[in-house]
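Visitor:
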Amino acid sequence: MEQWALITRELRKEFGHVTALAGLNLQVKRGEIFGLVGPDGAGKTTAIRLFCGLIDPTAGICQVFGHNLATDAEAARLKIGYMSQRFSLYRDLTVIENLCFFADIYQVPRPVRDQRIESLLNFTRLQPFTNRLAEDLSGGMKQKLALACTVLHEPELILLDEPTTGVDPVSRREFWDLLREMNQKGTTIIVSTPYMDEAERCQTIAFLHQGRVLHVGSPMEIRRLMKHEIIEIKAKPKFLAKQVASKLPGVNEVSLFGDKLHLVVNEAVRVLPGLQAGLVEEKVEVVEIRRIMPSLEDVFLYLLKERGEAAQ
Numbered sequence: 009m010e011q012w013a014l015i016t017r018e019l020r021k022e023f024g025h026v027t028a029l030a031g032l033n034l035q036v037k038r039g040e041i042f043g044l045v046g047p048d049g050a051g052k053t054t055a056i057r058l059f060c061g062l063i064d065p066t067a068g069i070c071q072v073f074g075h076n077l078a079t080d081a082e083a084a085r086l087k088i089g090y091m092s093q094r095f096s097l098y099r100d101l102t103v104i105e106n107l108c109f110f111a112d113i114y115q116v117p118r119p120v121r122d123q124r125i126e127s128l129l130n131f132t133r134l135q136p137f138t139n140r141l142a143e144d145l146s147g148g149m150k151q152k153l154a155l156a157c158t159v160l161h162e163p164e165l166i167l168l169d170e171p172t173t174g175v176d177p178v179s180r181r182e183f184w185d186l187l188r189e190m191n192q193k194g195t196t197i198i199v200s201t202p203y204m205d206e207a208e209r210c211q212t213i214a215f216l217h218q219g220r221v222l223h224v225g226s227p228m229e230i231r232r233l234m235k236h237e238i239i240e241i242k243a244k245p246k247f248l249a250k251q252v253a254s255k256l257p258g259v260n261e262v263s264l265f266g267d268k269l270h271l272v273v274n275e276a277v278r279v280l281p282g283l284q285a286g287l288v289e290e291k292v293e294v295v296e297i298r299r300i301m302p303s304l305e306d307v308f309l310y311l312l313k314e315r316g317e318a319a320q
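The sequence shown stops at residue 320 when you use our numbering, and every number in between is there.
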């Protein structure tokens with residue numbers, strides 16, 4: 009059995025004078041959840057579209073379960089299920105009509121069609137909404153329906169392009185619960201996401217920035233790339249706390265994370281006394297101050313700085 013679900017070698021895509029992907033080298037193991045992680049414009053969507061053969065590369069090779077997409081595209085595509093970033097189902101069809109339509113598209117055999125559709129309706133919890141028009145579904149339900157249509161032909165590899173963008177937090181969690189269940193049954197999943205909390209759910213992630221891979225590894229392996237420590241502060245007013253922290257020796261960078269500040273420091277134990285004294289002197293109200301494990305976002309920003317780049 010082929011060990012790798014997907015292999016790319018120096019995969020490159022140019023649109024005119026714009027390089028969307030610059031020499032992508034990846035190996036995705038059969039049966040894993042692999043995340044393509046990065047901001048808008050990183051090249052995630054281009055990579056996903058190349059992986060499923062929707063667009064041709066400018067250069068390089070992409071193989072799906074040993075099938076070269078350039079020379080054996082049909083065999084490769086039979087093993088792929090693709091869910092695009094935008095809702096691409098028929099809004100004027102009901103849930104059940106969309107499923108039946110895609111069953112026809114994928115040529116799902118009649119003897120097993122009804123059983124598969126019933127199983128997917130139960131799996132995605134869409135059974136009570138079979139006769140509802142797709143356009144009347146909530147954002148989370150639309151994504152579940154799109155996923156059900158994507159896997160009707162039981163593909164070995166699912167390619168998902170930012171599937172939860174614009175979906176509420178509860179629906180995002182439910183969607184990922186479905187992905188985890190499918191993965192536990194052996195399905196390989198490649199998902200692109202800008203969300204670091206979703207990256208945490210992947211076994212392996214590739215950080216992308218401006219069409220290039222910054223690093224590939226498990227979330228824990230990537231955290232270990234951070235050579236500095238992180239101090240997290242929750243204080244009021246934030247701008248004043250940031251000013252105080254930025255002036256201290258041993259503080260390399262101060263970033264805003266929601267309602268908190270993250271300080272990248274050489275040694276937290278040496279920085280904390282001066283930090284606390286400075287905040288008190290400036291009459292900053294400190295709600296919480298602690299050393300934390302670097303988040304994936306911390307590491308992403310750190311890797312960009314190491315390369316002399318800025319996140320965009």
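No residue lacks a Cβ here, since even glycine has one placed at the ideal position from N, Cα and C.
All figures in this text were calculated on a predicted structure; none of them were measured in a lab.
(1) Under a Cβ-count criterion, where at least 16 other Cβ atoms within 10 Å of its own Cβ denotes burial, should residue 65 be classed as buried or exposed?
(2) Return helix, strand or coil for residue 319, following the three-state DSSP convention.
(3) Identify which residue in 126, 57, 109, 37 has its Cα closest to the Cα of residue 74.
(4) I'd like the list of long-range same chain contacts for residue 71, defined as Cβ closer than 6 Å, with 5 residues on each side in sequence excluded.
(5) Helix, strand or coil: which one does DSSP assign to residue 124?
(6) Does the distance from the C-beta atom of residue 148 to that of residue 176 stay below 8 Å?
(7) Let me confirm a value: residue 200 is counted as buried when at least 16 other C-beta atoms fall within 10 Å, else exposed. Which label applies?
(8) Could you give the distance in angstroms between the alpha-carbon of residue 320 and the alpha-carbon of residue 217?
(9) Identify which residue in 285, 277, 237 has its Cα closest to the Cα of residue 262.
(10) Using a threshold of 8 Å, state whether the C-beta atoms of residue 132 and residue 111 are closer than that.
(11) What number of angstroms, rounded off, separates the C-alpha of residue 318 from the C-alpha of residue 312?
(12) Excluding five sequence neighbours on each side, which residues of the same chain lie with their C-beta closer than 7 Å to the C-beta of residue 282?
(13) Does residue 73 come out as helix, strand or coil in the three-state DSSP assignment?
(14) Take residue 97 and list the residues in its own chain whose beta-carbon comes closer than 7 Å to its own, dropping the five residues that flank it on each side.
(15) Considering only C-alpha positions, which residue in the set 89, 161, 95 is nearest to residue 108?
(16) Hey, how far is the Cα of residue 163 from the Cα of residue 212?
(17) Starting from residue 260 and walking both ways along the beta strand (DSSP E), at which residues does that stretch end?
(18) Quick one: grab the DSSP three-state call for residue 301.
Guide: From the atom records:
(1) Classification of residue 65: buried, given that the 10 Å Cβ count is 16 or more.
(2) With a pLDDT of only 43 at residue 319, under 50, the local geometry of the prediction cannot be trusted, and no value is derived from it.
(3) 37
(4) Cβ within range, chain order: 15.
(5) Helix, per DSSP.
(6) yes
(7) buried
(8) Residue placement at residue 320 cannot be trusted, given a pLDDT of 43 that sits under 50; what the coordinates show is reported in the next sentence. Looking at the two C-alpha atoms, the distance is approximately 9 Å.
(9) The residue with the shortest Cα to Cα distance from residue 262 is 237.
(10) no
(11) Its pLDDT being 49, under 50, residue 318 is placed unreliably by the model, and the measurement read from it follows with that caveat. Cα to Cα, the separation comes out at about 6 Å.
(12) The residues are 256.
(13) Reduced to three states, the DSSP call for residue 73 is coil.
(14) 106, 142, 153, 154, 157
(15) 161
(16) 20 Å
(17) 259-265
(18) Residue 301 sits in coil when the DSSP states are folded into three classes, being neither helix nor strand.
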